[in-house]
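This note's numbering applies: residue 1 is where the sequence shown begins, and numbers increase by one. Ideal Cβ placement from N, Cα and C applies to all residues, glycine included. Since the structure is predicted, the reported quantities are computational estimates derived from the model, not experimental observations.
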Amino acid sequence: MPSFEEYIKEIEPLFESKWLTNMGAKHNEFKQKLEDYLCVKHAELFCNGHLALEASLQALELTGEVITTPFTFISTTHAIVRNGLTPVFCDIKENDYTIDPDKIEGLITENTSAIVPVHVYGNICDVKKIEQLANRYNLKVVYDAAHAFAEEYEGKSVAAFGDASMFSFHATKVFNSIEGGCACFNDDALAEKARAIRNFGMYTQQDVLEIGTNGKMNEFSAAMGICNLRHLEEEMEKRRKVVYRYQQNLKGKAGITLWSEQNNVKHSYSYFPVLFEQGGFGKSRDEVEQILQKNGIYARKYFYPLTSGAGCYSEKYENSSTPLARHVANNILTLPLYADLSVEDVDRICKLILE
Ligand SMILES: *Cc1c(COP(=O)(O)O)cnc(C)c1O
Numbered sequence: 001m002p003s004f005e006e007y008i009k010e011i012e013p014l015f016e017s018k019w020l021t022n023m024g025a026k027h028n029e030f031k032q033k034l035e036d037y038l039c040v041k042h043a044e045l046f047c048n049g050h051l052a053l054e055a056s057l058q059a060l061e062l063t064g065e066v067i068t069t070p071f072t073f074i075s076t077t078h079a080i081v082r083n084g085l086t087p088v089f090c091d092i093k094e095n096d097y098t099i100d101p102d103k104i105e106g107l108i109t110e111n112t113s114a115i116v117p118v119h120v121y122g123n124i125c126d127v128k129k130i131e132q133l134a135n136r137y138n139l140k141v142v143y144d145a146a147h148a149f150a151e152e153y154e155g156k157s158v159a160a161f162g163d164a165s166m167f168s169f170h171a172t173k174v175f176n177s178i179e180g181g182c183a184c185f186n187d188d189a190l191a192e193k194a195r196a197i198r199n200f201g202m203y204t205q206q207d208v209l210e211i212g213t214n215g216k217m218n219e220f221s222a223a224m225g226i227c228n229l230r231h232l233e234e235e236m237e238k239r240r241k242v243v244y245r246y247q248q249n250l251k252g253k254a255g256i257t258l259w260s261e262q263n264n265v266k267h268s269y270s271y272f273p274v275l276f277e278q279g280g281f282g283k284s285r286d287e288v289e290q291i292l293q294k295n296g297i298y299a300r301k302y303f304y305p306l307t308s309g310a311g312c313y314s315e316k317y318e319n320s321s322t323p324l325a326r327h328v329a330n331n332i333l334t335l336p337l338y339a340d341l342s343v344e345d346v347d348r349i350c351k352l353i354l355e
């Protein structure tokens, strides 16, 4: 959070204007700042990342099947299914847990209309191979980039890839607007359509041409986003130090695989996942989680279960063909990570794990 004073100063004009939502001054300022920061033509703001993803998929008028990863937050799969589309789950890569492009091709059918990959943990997908496949088979690509705000691949903003990219500004993410999110497009018509969907499908008050929803970002959220954007680089630098400390303490231990930085990527250090393989480590992921919890440390099983194994989907869709994703989901734990986490606390967490 910004300081109380900074936020109060930011929202003070709202008590004069009394303009609380529906694309007010703070919304417009935040949007402009994001478009500059992300180097993208359109960053359409939403009240959360999930609706930004749903609206992006709807704007592309997809049909039939969508190839996606089950190793993600449940929102990704819900956004596909709530658009009346069928998710087809593809396995992930062993090194960075993003969708395995070499396994996508075998899943493409005449009904496939799009690929929805996820830059999970801020690990950038194989954007080049995915683009090649999309071009060859005439598929749309929508990135769930909820974990990858502010990241760059080969010097290029992560918002530049695919037909659309969605970011989440939820309170738990590296960058927040309390709740919020955006959908990024380079195509003008697509952006216009997403804006209409965001506001009940209205292009003007008379022209309701889409079956829309209410996904608008309010002024207080936009003001929080404006404040937090000022401090983002500093936050990421602090998070980098926490990650490096974890790596120093835990590297080279048998049965532990640590998150490691990808080449040519500017990371935002959004998560620090650790894979615990019982054979080598001696304790299962669940046992480690329990021991940490008994000591007041809340690590999270991101992402367990696989979305394909969620109660609402497990009977409905094929979910046996992603063995690697299943293995990772069963053994991974993300350790506490935030800018103000002290070196002493990181050391204490690591000591508990290693003991
Ligand atoms: C957080 C998250 C979302 C949803 O974003 P909200 O802003 O919480 O709606 C979608 N996908 C992934 C991978 C996420 O982590």
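* Please confirm whether Gly-49 and Phe-175 have their CB atoms less than 9 Å apart. => In this structure, Phe-175 does not lie closer than 9 Å to Gly-49 by Cβ.
* Taking His-42 as the reference, which of Asn-186, Ala-114, Glu-65, Gly-181 has the closest Cα? -> Distances from the CA of His-42 to each of Asn-186, Ala-114, Glu-65, Gly-181 were compared; the closest alpha carbon is that of Asn-186.
* Asked: Looking at Phe-30 and Ile-178, is the spacing between their C-beta atoms short of 9 Å?
  -> Taking a C-beta distance under 9 Å as the contact criterion, Ile-178 and Phe-30 do not qualify as a contact pair.
* What does the shell around ligand 1 hold, if a residue joins when its beta-carbon is under 6 Å from any heavy atom? -> Asn-48, Gly-49, His-50, Thr-72, Phe-73, Ser-75, Thr-76, Val-118, Asp-144, Ala-146, His-147, Ser-168, His-170, Gly-181
* To do: Could I get the ranges of all uninterrupted alpha helix (DSSP H) runs contained in the region 118-200, with 4 residues as the minimum, in chain order?
  => Listed in chain order, they are 127-137, 188-198.
* Asked: If you draw a straight line from the alpha carbon of Glu-277 to that of Glu-10, how long is it in whole angstroms?
  -> 48 Å
* Apart from the five residues just before and just after Tyr-302, which ones in its own chain have a Cβ nearer than 6 Å to its Cβ? -> Thr-334
* Asked: In terms of residue numbering, what span does the beta strand (DSSP E) encompassing Ile-256 cover?
  -> 256-258
* To do: Tell me, please, which residues DSSP counts as bridged to Asn-214.
  => Partner(s): Asn-199.
* Asked: Exposed or buried, Asn-214, counting other C-beta atoms within 10 Å across all chains shown (16 or more means buried)?
  -> exposed
* Asked: Roughly how many angstroms separate the alpha carbons of Pro-2 and Ala-223, rounded to a whole number?
  -> 11 Å
* Locate the beta strand (DSSP E) running through Glu-44, then write down its first and last residues. => For Glu-44, the enclosing beta strand (DSSP E) covers residues 42-46.
* Cβ neighbours of Ala-159 in the same chain (closer than 8 Å, five flanking residues each side left out) -> Leu-38, Cys-39, Val-40, Ala-43, Ala-145, Ser-165, Phe-167, Cys-184
* Per DSSP, Ala-114 forms a beta bridge with which residues? -> Per DSSP, Val-66, Lys-140.
* **Exposure of Val-118, with buried meaning 16 or more beta-carbon neighbours within 10 Å** => buried
* To do: Using a threshold of 9 Å, state whether the C-beta atoms of Ala-114 and Lys-140 are closer than that.
  => Taking 9 Å as the Cβ cut-off, Ala-114 and Lys-140 qualify as a contacting pair.
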